[in-house]
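Numbering (the numbering used here), first residue to last: -3 to 79.
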């Protein structure tokens, strides 16, 4: 797996299938496996918002009031995640 600024590239070294399979269905299966492995069907933005809220709650409990913590590390991340 290699990330570029615009996409993510993958190479399968050995997929365990026999060579008689349809190439298109093999590619679709590989992509399904990658999506499942990285759980790409789960949207990240709601998770980051939830985690950020928990960060803010922990900050209030600890009484720490720095500017960086006030904004919330995960809130900043959630703002740039598409979807």
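By construction, the Cβ of each residue, glycine as well, lies at the ideal position given by its N, Cα and C atoms. Everything numeric in this text was worked out from a predicted model, so none of it was measured.
6 Å Cβ shell around residue -2 - same chain, five flanking residues per side excluded: 5
Residue 44 versus residue 23 - alpha carbon distance: 31 Å
Whole angstroms are fine: how far does the CA of residue 31 sit from the CA of residue 20? 17 Å
Alpha-carbon to alpha-carbon, residue 75 and residue 49: 14 Å
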